[in-house]
Amino acid sequence: MGGKCIAQTLAMEDFMTEEVGMKQLHHKYFVQGVKAFELTKPLSDFPADKELVYKGVGQDGLPCSFKASVSEILQWQSSFRTYYASDIYVGEEGKDLVSQSLQGKSEAGEEAWKMKFAIRCSTNPVIMRFDGRVIAREVGDPTLTRIHLVSVCGIDFASRVHDHVDLTHYIKNWKEVYIFDEEGYPSVKHGRDFELSGTPAQLNVSKTLYDLKKMCRLRLRAQDDLGIQVVVEVGLGLGVFAGDALGIGNNVRQLSAMAMQKVLEEEQFKNICLVVLSLPVFYQNDNYDVYEKIFSREDSGYQGTVPVLLMDQDMHAIAVAAAGCLLA
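Going left to right, the sequence shown walks through residues 1 to 328 as the UniProt record's numbering numbers them.
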């Protein structure tokens with residue numbers, strides 16, 4: 001990670017190096033953009049009661065540490081689950097493809113698109129909030145272990161070569177939106193992005209809404225099955241991936257909000273008691289405003305049975321607060 005996260009990235013590298021003997025594998029990557037590393041020995045070979053300590057600064061500006069045992073970390077790792085749409089990944093062949101994609105081996109196009117319908121979940125305690133301040137924890141403290149990390153998939157309208165099927169699936173006039181050479185091959189910039197012609201995209205609204213609902217339903221059902229009570233949605237994919245450069249960003253944000261509203265109105269959950277929409281406001285007409293307008297429309301406002309709370313707050317703070325409360 002870069003930008004304002006460099007300090008935290010370097011601190012995590014130091015922690016991994018000092019505590020578990022991490023060695024970076026130069027010029028190698030787990031998946032595109034994620035640098036590869038290896039440990040001097042498997043984590044399971046360390047003493048189960050070995051205490052790993054991440055040191056930093058707490059909310060009060062004083063030294064603070066997050067502690068976890070090797071046994072706890074192995075338990076968190078073993079909680080990993082994947083839920084996927086059985087009509088997208090069909091039979092044993094589909095199951096094999098999911099397994100392959102989880103190893104970072106999904107091919108560009110159809111396989112990359114299918115991963116939008118696979119939800120990855122695991123127990124994932126939060127070490128620090130959005131401000132980079134460490135949350136104090138002692139070994140055995142159950143509070144932060146109530147937090148799960150759940151992947152959020154959306155449609156990629158950022159014109160990436162890897163996700164080209166997203167473009168052809170949901171943009172009606174994609175042949176006019178992008179530049180092609182005389183032989184019919186698309187023009188690619190920097191080896192990653194398709195070059196735009198300047199023609200505004202025409203979104204297939206019904207297909208987009210249908211699949212956004214499907215992704216949302218799969219995500220919520222997975223969390224309900226895991227026994228999660230408080231769901232924190234973050235509007236992931238509604239920045240550059242929403243398609244502002246194509247002229248469809250606002251429409252995609254509205255459809256994402258509508259998909260969430262409709263699914264919450266249609267579904268009945270055993271465990272989910274509250275949905276929090278964590279949408280920090282960075283500028284006017286941000287995602288917060290879009291969701292607020294959709295959920296509070298006079299003619300078709302939210303009618304679901306699960307309470308929905310819209311917050312201008314970061315997801316880490318909300319998750320930590322929720323983890324400290326056991327709902328009846």
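From the three backbone atoms N, C-alpha and C, an ideal C-beta is built for every residue, glycine too.
Separation of residue j from residue i, as counted between CA atoms
{"i": "Ala36", "j": "Glu266", "result": "42 Å"}
{"i": "Ala328", "j": "Ala321", "result": "Because the pLDDT at Ala328 is just 46, under 50, the model does not fix this residue reliably, and the value given afterwards should be weighed accordingly. So the two alpha carbons sit approximately 16 Å from each other."}
{"i": "Cys153", "j": "Val90", "result": "19 Å"}
{"i": "His27", "j": "Gln103", "result": "18 Å"}
{"i": "Phe241", "j": "Arg221", "result": "24 Å"}
{"i": "Gly56", "j": "Lys23", "result": "22 Å"}
{"i": "Glu233", "j": "Thr305", "result": "17 Å"}
{"i": "Lys4", "j": "Ala11", "result": "13 Å"}
{"i": "Lys172", "j": "His164", "result": "13 Å"}
{"i": "Asp45", "j": "Gln75", "result": "14 Å"}
{"i": "Leu279", "j": "Arg129", "result": "15 Å"}
{"i": "Leu97", "j": "Gly301", "result": "40 Å"}
{"i": "Arg192", "j": "Gly237", "result": "18 Å"}
{"i": "Gly239", "j": "Pro47", "result": "43 Å"}
{"i": "Arg160", "j": "Gly249", "result": "16 Å"}
{"i": "Cys325", "j": "Pro142", "result": "12 Å"}
{"i": "Leu25", "j": "Lys41", "result": "15 Å"}
{"i": "Asp312", "j": "Phe282", "result": "9 Å"}
{"i": "Lys207", "j": "Val263", "result": "15 Å"}
{"i": "Asp87", "j": "Asp49", "result": "44 Å"}
{"i": "Ala108", "j": "Asp166", "result": "10 Å"}
{"i": "Val188", "j": "Pro307", "result": "45 Å"}
{"i": "Gln77", "j": "Glu110", "result": "29 Å"}
{"i": "Ile155", "j": "Leu212", "result": "8 Å"}
Spatially closest choice to residue i from the options, by CA coordinates
{"i": "Gly184", "options": "Lys175, Ser122, Val53", "result": "Lys175"}
{"i": "Leu196", "options": "His148, Gln313, Tyr178", "result": "Tyr178"}
{"i": "Thr17", "options": "Ser300, Leu39, Ala7, Met128", "result": "Leu39"}
{"i": "Leu246", "options": "Thr9, Thr208, Val308, Ala201", "result": "Ala201"}
{"i": "Ala317", "options": "Lys95, Ala85, Gly132", "result": "Gly132"}
{"i": "Arg217", "options": "Gln261, Pro280, Gly235", "result": "Gln261"}
{"i": "Tyr83", "options": "Leu264, Phe15, Met115, Gly61", "result": "Met115"}
{"i": "Val150", "options": "Cys121, Leu144, Pro142, Arg160", "result": "Cys121"}
{"i": "Ser101", "options": "Val31, Glu19, Gly243", "result": "Val31"}
{"i": "Leu209", "options": "Ile88, Gln313, Ala259, Val281", "result": "Ala259"}
{"i": "Phe157", "options": "Arg253, Glu182, Pro63, Leu62", "result": "Arg253"}
Cβ shell of residue i (< 6 Å), same chain only, five flanking positions each side left out
{"i": "Val231", "result": "Gln223, Ile272, Val275"}
{"i": "residue 368", "result": "An answer regarding residue 368 cannot be provided, because it is not within the stretch 1 to 328 covered by the chain."}
{"i": "Leu277", "result": "Glu233, Tyr291, Leu310"}
{"i": "Phe269", "result": "Asp224"}
{"i": "Asn251", "result": "Leu203"}
{"i": "Gly235", "result": "Leu279, Asn287"}
DSSP-derived helix/strand/coil call for residue i
{"i": "Gln254", "result": "helix"}
{"i": "Ser206", "result": "helix"}
{"i": "Leu226", "result": "coil"}
{"i": "Tyr84", "result": "strand"}
{"i": "Lys189", "result": "strand"}
{"i": "Val20", "result": "helix"}
{"i": "Thr123", "result": "strand"}
{"i": "Cys216", "result": "helix"}
{"i": "Lys105", "result": "coil"}
{"i": "Cys64", "result": "strand"}
{"i": "Ala322", "result": "helix"}
{"i": "Ser296", "result": "coil"}
{"i": "Leu277", "result": "strand"}
{"i": "Ser69", "result": "strand"}
{"i": "Ile6", "result": "helix"}
{"i": "Phe15", "result": "helix"}
{"i": "Lys95", "result": "helix"}
{"i": "Ala328", "result": "Its pLDDT being 46, under 50, Ala328 is placed unreliably in this model, and the value from its coordinates should be taken loosely. Coil."}
{"i": "Arg160", "result": "strand"}
{"i": "Val306", "result": "coil"}
{"i": "Phe241", "result": "helix"}
Outcome for residue i when other beta-carbon atoms lying within 10 angstroms are tallied against a minimum of 16
{"i": "His190", "result": "exposed"}
{"i": "Arg146", "result": "buried"}
{"i": "Glu34", "result": "Before going further, note that residue 34 is Val rather than Glu in the sequence given. With fewer than 16 other Cβ atoms within 10 Å, it is exposed."}
{"i": "Leu144", "result": "buried"}
{"i": "Thr168", "result": "exposed"}
{"i": "Leu62", "result": "exposed"}
{"i": "Phe194", "result": "buried"}
Close-in-space but distant-in-sequence residues of the same chain around residue i (CB under 8 Å, 5 per side omitted)
{"i": "Val139", "result": "Glu51, Lys67, Ala68, Ser69, Glu72"}
{"i": "Ala85", "result": "Phe117, Ala118, Lys214, Leu218"}
{"i": "Ala7", "result": "Gly132"}
{"i": "Ile294", "result": "Gln254, Ala257, Met258, Gln261"}
{"i": "Val205", "result": "Asn251, Leu255"}
{"i": "Lys95", "result": "Tyr89"}
Beta-carbon contacts of residue i that lie in its chain and below 7 Å, excluding the five residues immediately before and after
{"i": "Ile127", "result": "Tyr54, Phe66, Val134, Ile135"}
{"i": "Ile228", "result": "His148, Asn271, Ile272"}
{"i": "Ala319", "result": "Val126, Ile147, Val232"}
{"i": "Leu226", "result": "Cys121, His148"}
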